[in-house]
Each structure stands twice: as C-alpha cells, then as structure tokens.
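As you go down the protein sequences, you meet chains S and G in turn.
Per our numbering, the first sequence starts with residue 5, numbered consecutively.
Per our numbering, the second sequence starts with residue 22, numbered consecutively.
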Amino acid sequence: MIWNPNKECMPREQMRLLQGKRLHKIVEYVYHNVPFYRNKLQEMDLSPEDIQTIDDIVKLPFTTKKDLRDNYPFGLQAAPQSEIIRIHASSGTTGNPTIVGYTRKDISIWSECMARSLSSYGVTSDDIFSVSYGYGLFTGGLGAHNGVEMIGASVVPASTGNTEKHARLIRDLGITGIACTPSYALYLAETMDKLGISKDEIKLRVGAFGAEPWTENMRTEIQERLGLKGFNLYGLSEVMGPSVSYECDEQNGSHVNWDHFYPEIIDPVTLEPVPDGQTGELVFTTLTKEGMPVIRYRTRDLCSLLPGECPCGRTNVRMSAIQGRTDDMLIIRGINVFPSQVESVVLTMKEFAPVYMLIVDRVNNLDTLVVQVELRPDVFNATLDTPAAIDELEQRFAGKLRSVLSINAKVQIKAPGTIERSQGKSTHVIDKRKLY
Amino acid sequence: MTIRQLSIFIENQSGTLQKVLELIRKSGIQIIACTIADTAEYGLFRIICSEPDRACEELKEAGVAVAISDVFAIELDNQPGGAANVVSVFSGAGIGITYMYAFLLDGRGILIFKTTQAAETEAAIRAHGLHALSEADLPVNA
Numbered sequence: 005m006i007w008n009p010n011k012e013c014m015p016r017e018q019m020r021l022l023q024g025k026r027l028h029k030i031v032e033y034v035y036h037n038v039p040f041y042r043n044k045l046q047e048m049d050l051s052p053e054d055i056q057t058i059d060d061i062v063k064l065p066f067t068t069k070k071d072l073r074d075n076y077p078f079g080l081q082a083a084p085q086s087e088i089i090r091i092h093a094s095s096g097t098t099g100n101p102t103i104v105g106y107t108r109k110d111i112s113i114w115s116e117c118m119a120r121s122l123s124s125y126g127v128t129s130d131d132i133f134s135v136s137y138g139y140g141l142f143t144g145g146l147g148a149h150n151g152v153e154m155i156g157a158s159v160v161p162a163s164t165g166n167t168e169k170h171a172r173l174i175r176d177l178g179i180t181g182i183a184c185t186p187s188y189a190l191y192l193a194e195t196m197d198k199l200g201i202s203k204d205e206i207k208l209r210v211g212a213f214g215a216e217p218w219t220e221n222m223r224t225e226i227q228e229r230l231g232l233k234g235f236n237l238y239g240l241s242e243v244m245g246p247s248v249s250y251e252c253d254e255q256n257g258s259h260v261n262w263d264h265f266y267p268e269i270i271d272p273v274t275l276e277p278v279p280d281g282q283t284g285e286l287v288f289t290t291l292t293k294e295g296m297p298v299i300r301y302r303t304r305d306l307c308s309l310l311p312g313e314c315p316c317g318r319t320n321v322r323m324s325a326i327q328g329r330t331d332d333m334l335i336i337r338g339i340n341v342f343p344s345q346v347e348s349v350v351l352t353m354k355e356f357a358p359v360y361m362l363i364v365d366r367v368n369n370l371d372t373l374v375v376q377v378e379l380r381p382d383v384f385n386a387t388l389d390t391p392a393a394i395d396e397l398e399q400r401f402a403g404k405l406r407s408v409l410s411i412n413a414k415v416q417i418k419a420p421g422t423i424e425r426s427q428g429k430s431t432h433v434i435d436k437r438k439l440y
Numbered sequence: 022m023t024i025r026q027l028s029i030f031i032e033n034q035s036g037t038l039q040k041v042l043e044l045i046r047k048s049g050i051q052i053i054a055c056t057i058a059d060t061a062e063y064g065l066f067r068i069i070c071s072e073p074d075r076a077c078e079e080l081k082e083a084g085v086a087v088a089i090s091d092v093f094a095i096e097l098d099n100q101p102g103g104a105a106n107v108v109s110v111f112s113g114a115g116i117g118i119t120y121m122y123a124f125l126l127d128g129r130g131i132l133i134f135k136t137t138q139a140a141e142t143e144a145a146i147r148a149h150g151l152h153a154l155s156e157a158d159l160p161v162n163a
C-alpha cells in the first residue's frame, strides 16, 4: 500500500517545483537562524534570493560531519529551544557526538516518513510489530516506534538485548513484523534454533532492516531462516533517522522521501554532481526540517541514484544499496579507488575466497596497486595446476578489475588462508606511500 | 594407463612447503616422486604419493588448494638417449607435453608427464610398445 500517494507518486516535474519552493524556504530559514550557514553564504556572496529552483542547490556550500562536531552541541540548531521536543545523539566514537534536536513538526514528518516505509513493506493496522532497534539516544528505536504507531499496528517496543525472551514473544504473541539490524535478525534466527523454535511456529512476514550495510546474500539467508520478506530501511540521524529512504515490493533500490530529504550524488574529490546511475558520495539537504536542518550534508556513504521510475508506481527517486564509505577511498594515479569496488569484483570470481588485500605503493614516483586474492581450496582443480592456467586466471581477474577501477592493478593469487581476515574495511588496504 | 598426481598451490615463501609436508606426514601418506614448478610469487608442488584420494581429501580439509590430475609414467631405457626416444614417440604423433619430470624406481628411470591429449598418448604408447606404469607398480610401503 502507498501511504501518501500525493507525495510518493507525484509527477516528477511537479515534485521539482515543490522541492524548489521548499529549498528556497529552508535556505532563507537557516540564513536567518543559523550564523554558521549565514556566514558561509555571505562568504560565497550568496543570498537566499539566489536559490529559487531545485537546480540552484549546486550553488550552495556543503556541510560535513566536522562542521557538525565543531558546532557541538547546539550551534547548528535553527529552532529556539522551547520548540525542541526531543534530542537524539549519534555515537561519538571519533569525537563529539552529533546532537540533533527535533521540533513537534519534525517528529510528525519523521513519523509519516516511517509510516510510508512500513506501508511500503505491507505493514497494516492488523500487524503486531516488534521494534528491535535500540531505544535511546540512537534514532532507530523511537524513530521506527512512532511510524508503527502512526500506521496503527500494535507496537512491541522490544529494543535490543534479552534475545531469548524476544524470540519467545515473537512465537507467543504471533508477532508479524520486526524492525532491527540485519545482523540482529540473523542472531535472532540462531537464538530461535537454539531454543528449538521452528519457522512454522512463528508468524513473522515483514522485516525492516537497516542501520548497517547488508548484502543480498544476507537478505536471502534472513528471509529463508525467519520466513519473512526483508526490506531495506535507510537513514541517518544527521538528516532525520530511519526512513530517509525505504524499499518497496520490488526490493530494488530504496525510494527517497525526497519531498523532505533531497538527495544528490557527487564526486567526492571534485565535489561535482555525477549523473544518475553513477556511484559517488550521497549528499542530503533537508527541505522541511525545523530543529536542525542540514544543507548539502555529505553522508560519506557511497551509492548511486537509480535512473528511471519504479514499476511499483512511486515516482520518488531510488538510491542503490550503500557500496562503501568515502573514508575508505584511495587516490591512485589520480583515480578514486574504493576497496568495496574491488570486493564487488572478487565476489564475482568463484575461484577466490571473499577476502582481498590492496597494496598501494609508489615506485619511481608512480603509484602502483597490487590486489591480492586467495584461491578457494574447494574450487581449485586440475585445470589450474600450471603457471599458465594461474596466469590466465590472474589476467581474467585483472581485466574485470580494470573495467571497474579504470586503472591497471597487478594481481597476486595467494594460497588459502594467507590473507588476514578482519571485520574493518581499513584493514583491506596497506598503503605504503604513507611511509614517504 | 595413467597414475594420479596431486598438485598443490603454495606460496613462494619460506616455511610454506614445510607446512604442507607436515600435513602429508600427519596423514601417513608416502611421497614417491615430486617436483615444484616455481614462479616469482607462488609454486605448484606436484607429487606422486600413496592413497592420492585420501591425501587430497585430507589436505583440502586442512584448507590447502590441492587437485588431482592424471599423468603418464613411462619407463625409460637406462641408456643415453632413453628420454629422447620416449619423447620423440609423442612429438612424432603431434602430442604436446605440458610438463615433465622424472624419478628412479628400482634403478629404472621413470618419466612422468602431463598432456591434454590423453587418448592420442595412449594410442602412441600401445603402438610403440612403451611401458606405462599403473599405480599398482608404485613402491608403496605403507
């Protein structure tokens, strides 16, 4: 079901007019209420009058995570404190947390965006829906909660922790929907196995999964083990929280609530916009937010905007799955290279294990890239038992890499188990250039 | 007419060969002949051994990239030109040899080689009355 067809299915030309009007209004609003933005615009000799259509957005300056930290705690807040009815904070593991205040209108818009998402997943007032994101400073729990209430489903505020009790509640209450991280969904499936709760005893049919990147393989596994259909739910607290974008029944890209959050994709180095379909850094401008609006906020998430409209009938633009973070970006011979791009190629090669290492060096003032991959013992066979065959495999992989990275990489095939395993992306890279 | 050979992909690095040999020792597998094709970054360690199926299975379980392939093992005359005589049979029949190595069995030279033209090779062996070893001919002590 489409919660708000008027907005979700609005003809794109009409939507652009609405976005343009809202952009002008929000720029005027921050210009008068946030010294940070006023100073930035004045430095660029810009006034709110220069921003009339949505195309004018490219004139505006970017906002970064650092700007948010530097203005801790309330420097970027635009509404007076008396108007703020809730405060969330993002994790502050690498510095000051980001504080985000919401007005009553913000919470109302957020709830509607969440209701649009849940509605798109097929949730109705007949559902019993468990919110298993953490409740607290994190936007996940309360954000999803408000949406479920708006839909009118029965919300079970399970939060995280005490997974065994949660698993029993899912069985005993006949819970039909769940919002949680995809890794928690897998943990829940394991817990159910341990408790001897089978798929036939539970009624889960919808999963809203987000707050961390996940793969199609994970989706398949979660859907299979919990017997539900799993949908992506994207969001970030700097922009709002969960429901900035949401998947529909097509499970092919997440529709952005672009009447409220205007997305752009830019080249993270030149900062120039890139065409639809091309991967770059995702940038959001909040078009209606009162508490803490952001103008061209650089998310550091890498993805693309999908060209064309979705068969589901919604006209709002879709973003691809997140393909990596700009924090991981390497510049090799002037070309932007993301470890996640290498990963995507490795995953297409059945001969290799899903591990890899990028070794970047500078030899005679020229950057070099070596990509190490590992043979899978179960795929190694007699046709690979000569250096010529291994060479051919290296060449085939190098060719695929070149078409994705646009630079030549030297490939090294390693024996199984010789590349160090780890969770973090940064450990996929050894940049020896830093030594100079 | 062929015997089975294990091919093991190893890093060209000190200690990696030892690791594989220890695994083979632990499995109680006897190596009868071996060779290494080396490149700058890796090596292909090829062995003729007892119980190749079990050896392959146990090495795979230990996470080693190993494969079984069929190779020919031809007995040589212990005379100058013995190898040349055998190879000329195959080259005369237009058969390409991918790689080759040799070992001594009871004082007789045995030439092991790999080819992609197995049927033609078997025909040439028969036509010229060469002696191709089977696995039963290998001196397994275990």
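We put the beta carbon where it would ideally sit given N, CA and C, even for glycine.
Keep in mind the model is a prediction, meaning the values are calculated, not measured.
- The beta-bridge partner set that DSSP reports for T290 (chain S) consists of S:F265.
- The beta carbon of D204 (chain S) does not come within 8 Å of any beta carbon belonging to chain G, so the residue lies off that interface.
- As the crow flies, the alpha-carbon of V346 (chain S) is around 47 Å from that of P84 (chain S).
- Secondary structure note for F66 (chain G): its beta strand (DSSP E) is the uninterrupted segment Y63 to C70.
- For the pair T164 (chain S) and S136 (chain S), the CB atoms are nearer than the 8 Å cut-off.
- Residue contact check for Y122 (chain G) against chain S: no CB pair falls below 8 Å.
- Contact annotation: G147 (chain S) and G214 (chain S) have beta-carbon atoms that are not nearer than 8 Å.
- Taken through DSSP and simplified to helix, strand or coil, T37 (chain G) comes out as helix.
- One finds nothing in chain G with a Cβ atom closer than 9 Å to the Cβ of L50 (chain S); even the nearest lies about 56 Å away.
- Per DSSP, reduced to three states, the secondary structure at A419 (chain S) is coil, with no helix or strand assignment.
- Rounded to whole angstroms, the gap between the alpha carbons of I31 (chain G) and A114 (chain G) is 34 Å.
- Taken atom to atom, the span from the alpha-carbon of C77 (chain G) to that of P101 (chain S) is near 54 Å.
- If you draw a straight line from the Cα of V127 (chain S) to the Cα of H28 (chain S), it is about 35 Å long.
- When only Cα atoms are considered, L27 (chain G) and I423 (chain S) end up about 24 Å apart.
- Here H152 (chain G) is exposed. Its C-beta has fewer than 16 other C-beta atoms within 10 Å.
- Chain order gives no chain S residues near T23 (chain G), where near means a beta carbon separation below 9 Å; the closest approach is about 12 Å.
- Put simply, the CB of T60 (chain G) is near chain S, with a gap under 8 Å to one of its CB atoms.
- The beta carbon of R437 (chain S) sits closer than 8 Å to the beta carbons of V364, D365, R366 and D371 from its chain, once the five residues preceding and following it are set aside; these are given in chain order.
- Under the criterion of beta carbons closer than 8 Å, V110 (chain G) and A145 (chain G) qualify as touching, at roughly 5 Å.
- For P358 (chain S), no alpha helix (DSSP H) segment is defined; the enclosing uninterrupted segment is the beta strand (DSSP E) at F356 to V367.
- In chain S, no part has a C-beta under 8 Å from the C-beta of T136 (chain G); the shortest such distance is about 12 Å.
- The C-alpha of V298 (chain S) is placed about 9 Å away from the C-alpha of F66 (chain S).
- Annotated three-state conformation of C252 (chain S) is coil, per DSSP.
- Residues are counted here when their Cβ sits less than 7 Å from a Cβ of chain G; for the stretch 399-432 of chain S these are Q416, I417, K418, A419, P420, G421 and T422, given in chain order.
- Contacts with chain G (Cβ-Cβ distance below 9 Å) from the stretch 385-396 of chain S involve N385, A386, T387, L388, D389, T390, P391, A392, I394 and D395, listed in chain order.
- Burial state of D176 (chain S) is exposed, judged by a 10 Å Cβ sphere holding fewer than 16 other Cβ atoms.
- Inside the stretch 142-202 of chain S, DSSP marks whole alpha helix (DSSP H) runs of 4 or more residues at positions 143-155, 167-176 and 186-199, from first to last along the chain.
- Under the three-pair Cβ rule at 8 Å, the stretch 194-202 of chain S does not count as touching the stretch 287-307 of chain S.
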